[in-house]
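S.K.: Using the numbering used here, you'd call the opening residue of the sequence shown number 1139 and step up by one each time.
This is the structure, below, for whatever I ask next.
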Amino acid sequence: MSNKKYDLEDRLVLFAANSARFCNDVFGTPAGDYYAHQLLRSAGSSALNFGEAQGSSTIKDYCHKASISLKELKESRVNLKILFALSLGNQEKSAVLRNECEQLIAIISTIIKNKSKSQN
1139 MSNKKYDLED RLVLFAANSA RFCNDVFGTP AGDYYAHQLL RSAGSSALNF
1189 GEAQGSSTIK DYCHKASISL KELKESRVNL KILFALSLGN QEKSAVLRNE
1239 CEQLIAIIST IIKNKSKSQN
């Protein structure tokens, strides 16, 4: 195992897991069920697609797969905002998830930008 203090994959997995835990408290109304399912899908997909990106054989392929992860994070952000606006779920947990989501979006955006520059 790497001695790195920072592992983006681990953060994405933790974001997906924490989102799933958050969703467990949201289920129970039609709106809660709908947006919680959407959040479960998009948060999990962001981690899974980043895992795929790590197996890429070219920078172009990596950027494409990382871009899918980024898209899913942006969808997660909107789902979290909607759930917050509906006052569904623990508002403190929602704020923590939204903050982590914003950080992950910024990190992956920067990685894609830097890898794309290195390809040119």
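All C-beta atoms in this analysis are idealised placements derived from N, C-alpha and C, irrespective of residue type, glycine included.
#1: Could you give the distance in angstroms between the alpha-carbon of ILE1197 and the alpha-carbon of ALA1204?
#2: When the Cα atoms are used, what is the spatial distance from SER1140 to ASN1162?
#3: Taking 6 Å as the limit between beta carbons, can you name the residues of its chain near ALA1174, skipping five residues before and five after?
#4: Hey, quick one: how far does the alpha helix (DSSP H) through GLY1170 stretch, first residue to last?
#5: Would a C-beta distance cut-off of 8 Å place SER1184 and LEU1211 closer than the cut-off?
#6: Could you compute how far the alpha carbon of ILE1243 sits from the alpha carbon of SER1194?
#7: Would GLU1147 pass as a contact of GLY1182 if the rule is Cβ separation under 8 Å?
#8: Here's the rule I'm using: 16 or more other beta-carbon atoms within 10 Å means buried, otherwise exposed. How should ASN1237 be labelled?
#9: Closest to ARG1149 by CA distance: which of PHE1222, GLN1176, LEU1178, ILE1245 is it?
M.R.: According to the structure shown:
#1: 10 Å
#2: A caution first: SER1140 carries a pLDDT of 48, below 50, which makes its placement in the model unreliable, though a value can still be read off. Each residue's alpha carbon lies about 33 Å from the other.
#3: CYS1161, VAL1164, PHE1165
#4: 1168-1192
#5: yes
#6: 20 Å
#7: no
#8: exposed
#9: ILE1245
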